[in-house]
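**Q** For what it's worth, this note's numbering labels the leading residue of the sequence shown as 807, then goes sequentially.
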Amino acid sequence: MRLENKVAIVTGATSGMGRATAVLFAKEGAKVVVCGRNEERAKAVVDQIKADGGEAIAVLGDASDLAYAEEIVNKTVEAFGTVDVLVNNAGMLSMSTLQDVSIEEWDRVFRVNVDSALRLCQLCAPIMKEKGKGVIVNVASVASFAAHHGFAAYISSKHGMAGLSKSMAWELGPEIRVNAIAPGAIHTAMVDSIGGPAVLQGMIDNCPCKRIGKPEDIATVALFLATDDSSFIDGQIIKVDGGFEC
Ligand SMILES: NC(=O)c1ccc[n+]([C@@H]2O[C@H](COP(=O)([O-])OP(=O)(O)OC[C@H]3O[C@@H](n4cnc5c(N)ncnc54)[C@H](OP(=O)(O)O)[C@@H]3O)[C@@H](O)[C@H]2O)c1
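(1) Is Lys-881 near ligand 1 - that is, is its Cβ less than 8 Å away from at least one heavy atom of it?
(2) Go ahead and label Val-851 buried or exposed: buried means 16 or more other beta carbons lie within 10 angstroms of its beta carbon, across all protein chains shown.
(3) Taking the alpha carbon of Lys-964 as the point to measure from, which residue in Val-1005, Gly-824, Ile-987 has its own alpha carbon closest?
(4) Per DSSP, Ala-864 is paired with what?
(5) Am I right that Asn-919 and Met-898 are in contact with their C-beta atoms under 8 Å? What's the rounded C-beta distance?
(6) Within the chosen definition, does the segment 954-963 reach the segment 872-888 through at least 3 CB pairs nearer than 8 Å?
(7) Given Ile-1039, which residues of its chain have a CB within under 8 Å of its CB, disregarding the five upstream and five downstream residues?
(8) Output the boundary residues of the alpha helix (DSSP H) element that contains Lys-849.
(9) Within the present structure, is the beta-carbon of Met-974 separated from the nearest heavy atom of ligand 1 by less than 8 Å?
(10) Would you say the beta carbon of Cys-841 comes nearer than 8 Å to a heavy atom of ligand 1?
(11) Give me the Cβ distance between Ile-855 and Ala-832, rounded to the nearest whole Å; I'm assuming they're in contact under 8 Å.
(12) Here's the rule: buried if 16 or more other CB atoms are within 10 angstroms of the residue's CB, otherwise exposed. What is Ser-821?
(13) Given that a residue counts as buried once 16 or more other Cβ atoms are within 10 Å of its Cβ, and exposed if not, what is Val-1005?
(14) With the cut-off set at 9 Å, would you say Ala-896 and Gly-966 are in Cβ contact?
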């Protein structure tokens, strides 16, 4: 029970790697706050955690609305009294080129992928500082390191998430450690939205591990970063990509 008596907020916990992280954290003893927009999927995650003997609540909302961050933190404190771990995982894809992306789309991608993490950090950090301890895990991407044609807003936002994570580590330490995970190709709804089996096969062929990642491959690293097992790791962007970017 590596997260016994801890309270963890996981954004984007209704699906994919956020869901896997929420479920794993609860199995390790954390009281989990499941965030996302989809009520049915949020309820399914909370029900699964409770069926496993854990504790969880759902707080629903759109991450592009920064007032939602306040609701998440208020409801967390109301239900569980504090917050020890924040996982900023919610994210949206954008497949527009630089030439085609509208300012509205660009703004929305940054709101969801970067600004919401900043706002949650601003709200959670004082609580963690006062306790003298806290952990923030951000979900960046291999797109935080390299660019490809056609994903301008997404890639820029994930580069932003890398810079934000390092800034958070400098400004919030020593009480709060902040690291980011940079997933490669992980089989979730987001990857399925890029293309069909041929796209997946291309991702597998381009990676020395010769497989696509599972959401649980990210959840186990998030757990490691959330515990004292990683107590001397701070301000890092850790690639979990099967060697794709090596
Ligand atoms: N899959 C990959 O290969 C890959 C690679 C690198 C990085 N990532 C990053 O990993 C993170 C998780 O993605 P995933 O692959 O697990 O995708 P996913 O299965 O599509 O999950 C995305 C999660 O984000 C939430 N979300 C999206 N837009 C939101 C919004 N406007 N407001 C609130 N919640 C929102 C979704 O919840 P609702 O639908 O309930 O709103 C869902 O829980 C993202 O930050 C993504 O950029 C993924």
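Each residue gets a CB set at the ideal place from its N, CA and C atoms; glycine is no exception. What you are looking at is a predicted structure, and each value in this text was computed from that prediction instead of being measured.
**A** So, to answer that:
(1) Within the sequence shown, the letter at position 75 stands for residue 881. Checking the Cβ of Lys-881 against ligand 1 gives no.
(2) Numbered from 1 along the sequence shown, position 45 holds the residue referred to as residue 851. Counting every other CB atom within 10 Å of its CB across the protein chains shown gives Val-851 a total of 16 or more, marking it as buried.
(3) On the sequence shown, residue 964 is found 158 positions in, with the first residue counted as 1. Of the candidates Val-1005, Gly-824, Ile-987, the one whose C-alpha sits nearest the C-alpha of Lys-964 is Ile-987.
(4) Counting from one through the sequence shown, the residue named residue 864 turns up at place 58. DSSP output for Ala-864 lists Val-840 as bridge partner(s).
(5) What you label residue 919 is simply residue 113 of the sequence shown in a count that begins at 1. What you label residue 898 is simply residue 92 of the sequence shown in a count that begins at 1. Right, the Cβ-Cβ distance comes to about 7 Å (below 8 Å), so this counts as a contact.
(6) They do not touch, by the three-pair rule.
(7) Here residue 1039 refers to the residue found at position 233 when the sequence shown is read from its first residue. Excluding positions up to five away in sequence, the list reads Arg-983, Asn-985, Leu-1031.
(8) Locating residue 849 in the sequence shown gives position 43, where the first residue counts as 1. Boundaries of the alpha helix (DSSP H) around Lys-849: 845-857.
(9) Within the sequence shown, the letter at position 168 stands for residue 974. Not under cutoff, so the answer is no.
(10) If you number the sequence shown from 1, residue 841 lands on position 35. Yes, the beta carbon of Cys-841 sits closer than 8 Å to at least one heavy atom of ligand 1.
(11) Sequence index remark: in the sequence shown, residue 855 carries index 49 (1-based). Sequence index remark: in the sequence shown, residue 832 carries index 26 (1-based). Sure, about 4 Å apart at Cβ, within 8 Å.
(12) Taking the sequence shown and counting its residues from 1, one reaches residue 821 at position 15. Its Cβ being crowded by 16 or more others within 10 Å, Ser-821 is buried.
(13) Along the sequence shown, one-based indexing puts residue 1005 at 199. Within 10 angstroms of the beta-carbon of Val-1005 lie fewer than 16 other beta-carbons, which makes it exposed.
(14) As a working note, residue 896 is residue 90 in the sequence shown. As a working note, residue 966 is residue 160 in the sequence shown. No, the Cβ-Cβ distance between Ala-896 and Gly-966 is not below 9 Å.
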